[in-house]
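Accompanying notes for the structure given below.
Number of protein chains: 2
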Amino acid sequence: MTEITGTGDPARSLSLLWRLVEPSPRGRGAEAGLSVDRVVDAAIALADAEGLGALSMRRLATDLGVGAMTLYTYVPAKAELLDLMVDSALGEFPSLYAPAADDWRARLEAVARASWSTYERHPWLLNVAASGRPPLGPGVLTKYELGLQAVDGTGLDEVAMDAVFTLIEGFVAGTARGVVEQVAAQQATGITEAEWWEATAPVLDRVYDPERFPTVTRVGPVAGEAQQAAYDPRRAFEFGLARLLDGVAVLVDGAA
Amino acid sequence: MTEITGTGDPARSLSLLWRLVEPSPRGRGAEAGLSVDRVVDAAIALADAEGLGALSMRRLATDLGVGAMTLYTYVPAKAELLDLMVDSALGEFPSLYAPAADDWRARLEAVARASWSTYERHPWLLNVAASGRPPLGPGVLTKYELGLQAVDGTGLDEVAMDAVFTLIEGFVAGTARGVVEQVAAQQATGITEAEWWEATAPVLDRVYDPERFPTVTRVGPVAGEAQQAAYDPRRAFEFGLARLLDGVAVLVDGAA
DNA sequence: GGGCTAGTCGTACAGTGTACGACAAGAACG
DNA sequence: CGTTCTTGTCGTACACTGTACGACTAGCCC
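Quick note, the sequences are listed as chains A and B, same order.
The numbering of the first sequence is our numbering, which starts it at 1 and goes up by one.
The numbering of the second sequence is our numbering, which starts it at 1 and goes up by one.
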């Protein structure tokens, strides 16, 4: 379930992201101590605990002890709430990022690992489609700043710096999505990866033609055995990150 | 909106994917000439034309001229229908793949471009979460076979061959998702990228602190100007593919 | 105390996937 | 030909979604 962010007025969204205007409640919401931050924090807690699928306006309102429509006092719509959640969750990035100062490669690797950790802590981030028009709040901009700093001083020009950060960031999101999908598959089916394969293998044997898929026949079992699954996202992350940094190194060395 | 595949019995799904059993309709469905293939083809046509969001069982049934529940005669549930759609759409991959025989790098690049074309033709593929437990039908296996063949003969061992293909494939999916999200954002908001930025920029100027984001201040405008947008997926694809292949080359040269 | 404003929230609407069970059309058999 | 059985069709119902609308009411100011 991918949700879409920022369907409303961009100016309104930005004001919210930077908390330019904060309503001062007087009614019953005041008793509950409601505010944009409380709503966003509760939404993040709910999505962390039970996934984005459990995050409905009614459910969130119940968690906060108010009626569903009360939320719309603090947030224009669910899309804007998601914007706020994304920016807030990405705001944790700096605390997870511990770069080595001198080496651009170590810095970039630290960016990737910190980003991975962010997605581990808030898997629902990967189900919020924001890449086209990201919520330009403090959290997003800070992460972008730190990512760009990591590739600064490599001799790459500005366009390349942006491209490298985008490449790394997209790679991390892609492999992290693998973890999310595996967990989601297990929860949706109630069947573990091993059980799934156990049920699949015998039927597959009946239809599978080794002559039609010679390379799969040779590679598939070996790879499956090595990662103890059809797909191991953690291994894919380590392997891919090394290849990616090698590739960036070729570019940096060429530019130097 | 990400949908999840394969929530039912794996053996049943596999039988369907390989069309092991085909029901021979006799009732009113026979008049409509219904079959699993007809249902899947109509579902793909609908998703191609109006997106995965428009694909509801009721709507699909209406398109086919039958009642909603009739579909469940041919397909156990929507999740299995999605499995079938994915495998069928990926079945187009071979016809889009024209490899140069000798050079592994050219072959791998052709794989990436063919995969990109597949996602271009069927963007909804990226909104179906299948990476953890892919539908192991003829389409998926054929794509996997051709992908592995591309890295065969490089001196890489089986585990590395699988990892390289997975890396490339994940990269393509990630950048292609960028295109999908931009289109989705435009359709959801009714606002073009340029209009969005025009509405965003003045408000951002009010809150933006250049001293807090020095590197963004230097890089952001240059990158934005170069790609005429906050994010240009096509450019990201070309840039990333080159880096990725460079990185794989380092591995291949080391193994040789 | 009266009036106003601003936050609260019940109701309603158009959707979703699919379980259940009533129905009917064709095949098989006497 | 009549009856029974099988199998595909599909109307209805349920619990759920985001949110527009408008009624209500609690607190502030005069």
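All residues carry an ideal CB built from backbone N, CA and C; glycine is no exception.
Quantities reported herein were computed from a predicted structural model and do not represent experimental measurements.
Collapsing the DSSP output to three states places A:Glu92 in coil.
In the DSSP annotation of this structure, A:Ser35 is not part of any alpha helix (DSSP H), being labelled neither H nor E. A Cβ of chain A is located within less than 8 Å of the beta carbon of B:Ser15. Under the criterion of beta carbons closer than 8 Å, B:Ala98 and B:Leu64 do not qualify as touching, at roughly 35 Å. Counted as a single uninterrupted DSSP element, the alpha helix (DSSP H) harbouring B:Trp116 occupies residues Trp104 to Arg121. Using a C-beta cut-off of 8 Å, the stretch 205–218 of chain A makes no contact with the stretch 127–138 of chain A, since fewer than three inter-stretch Cβ pairs fall below that distance.
Residues of the stretch 135–154 of chain A whose Cβ lies closer than 8 Å to any Cβ of chain B, in chain order: Leu136, Leu141, Thr142, Tyr144, Glu145, Leu148, Gln149 and Asp152.
The C-beta distance from A:Ala173 to A:Tyr119 rounds to 7 Å, short enough to meet the 8 Å contact threshold. Per DSSP, reduced to three states, the secondary structure at A:Glu3 is strand.
When rounded, the separation of the alpha-carbon atoms in B:Glu109 and B:Val222 is 29 Å.
A contact is defined here as three or more CB-CB pairs under 8 Å, and the stretch 151–168 of chain B meets this definition with respect to the stretch 238–247 of chain A.
Using beta-carbon distances, B:Glu181 counts as an interface residue toward chain A, with a partner under 8 Å. Of the residues A:Phe213, A:Pro94 and A:Pro138, the one whose Cα lies closest to the Cα of B:Leu148 is A:Phe213. Taking C-alpha positions only, B:Asp102 is separated from B:Glu169 by approximately 21 Å. Relative to B:Ser15, the option among B:Val75, B:Gly190 and B:Thr154 whose CA is nearest is B:Val75. The three-state secondary structure of B:Val21, taken from DSSP, is coil. Beta-bridge annotation (DSSP): B:Val250 is not paired with any residue.
DSSP places B:Val86 in the helix class (H, G or I) of the three-state scheme. Residue A:Val111 holds the alpha-carbon nearest to the alpha-carbon of A:Lys143 among A:Leu71, A:Val111, A:Asp9 and A:Glu198.
The beta-carbon distance between A:Ala68 and A:Arg58, rounded to whole angstroms, is 5 Å. This is short enough to meet the 8 Å contact definition. With 16 or more other CB atoms across the displayed protein chains lying within 10 angstroms of its CB, A:Ser88 is buried. Rounded to the nearest angstrom, the gap between the Cα atoms of A:Val159 and A:Ala255 is 13 Å. For A:Trp104, the closest alpha carbon among the candidates A:Gly190, A:Asp152 and A:Val183 is that of A:Asp152. Bounds of the alpha helix (DSSP H) holding B:Gly174 are Glu158 to Thr189. Not a single CB atom of chain A sits nearer than 8 Å to the CB of B:Ala45.
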